[in-house]
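*Asks:*
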Amino acid sequence: MRRVGGMVWLGWLIAGPTAWAAAFSVAYGLHGLGCELGWPAVNVGPASLQRVAIALPSLAAILLCLVLLARVKATLGPEAGIPRLGLWIGLIATLYTMAPVLVATSCGA
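Take the sequence shown: its letters are residues 11 to 119, numbered as in our numbering.
(1) If I'm right that residue 108 touches residue 68 with Cβ under 8 Å, what's the distance once you round it to whole angstroms?
(2) Would you call the region 96-110 and the region 25-36 touching, i.e. three or more CB-CB distances under 8 Å?
(3) State the DSSP-derived secondary structure class of residue 58, mapped to helix, strand or coil.
(4) Could I get the ranges of all uninterrupted alpha helix (DSSP H) runs contained in the region 78-119, with 4 residues as the minimum, in chain order?
(5) Classify residue 93: buried if its beta carbon has 16 or more other beta carbons within 10 angstroms, exposed otherwise.
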């Protein structure tokens, strides 16, 4: 197995936190847009369009972290330890910060 280092290793290291930051930023922006456009009043199945729009970036980040977790060992080999931890941090941070979307009210008075 070839040695992987430098920018490739750094990219893997920050992939999890970057996925979380991107999902959080997009969800935050969609929250404001949805409140302005009245999305909480529009139902999409059992949930409002507001909740669905905010949940989608979260689900994308979760899926990305899971896919990368499955591939990190094969790509980095023995150097995968710390980047794997970074992916776990991104996954857990996304789950923790986006979970309130499922239960909290949106667009307060």
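Note that beta-carbon positions come from the ideal geometry of N, C-alpha and C, so glycine has one too. Quick caveat: nothing in here was measured; it's all calculated off a predicted structure.
*Replies:* Checking against the coordinates, here is how it stands:
(1) Along the sequence shown, read from residue 1 onward, the residue named residue 108 stands at position 98. Along the sequence shown, read from residue 1 onward, the residue named residue 68 stands at position 58. The beta-carbon distance between residue 108 and residue 68, rounded to whole angstroms, is 4 Å. This is short enough to meet the 8 Å contact definition.
(2) Counting C-beta pairs with one atom in each stretch, the region 96-110 and the region 25-36 have three or more that are closer than 8 Å, which means they touch.
(3) In the sequence shown, residue 58 corresponds to position 48, counting from 1. Strand.
(4) If you keep only unbroken alpha helix (DSSP H) runs of at least 4 residues inside the region 78-119, you get 91-108.
(5) For this step, residue 93 is matched to residue 83 along the sequence shown. Classification of residue 93: buried, given that the 10 Å Cβ count is 16 or more.
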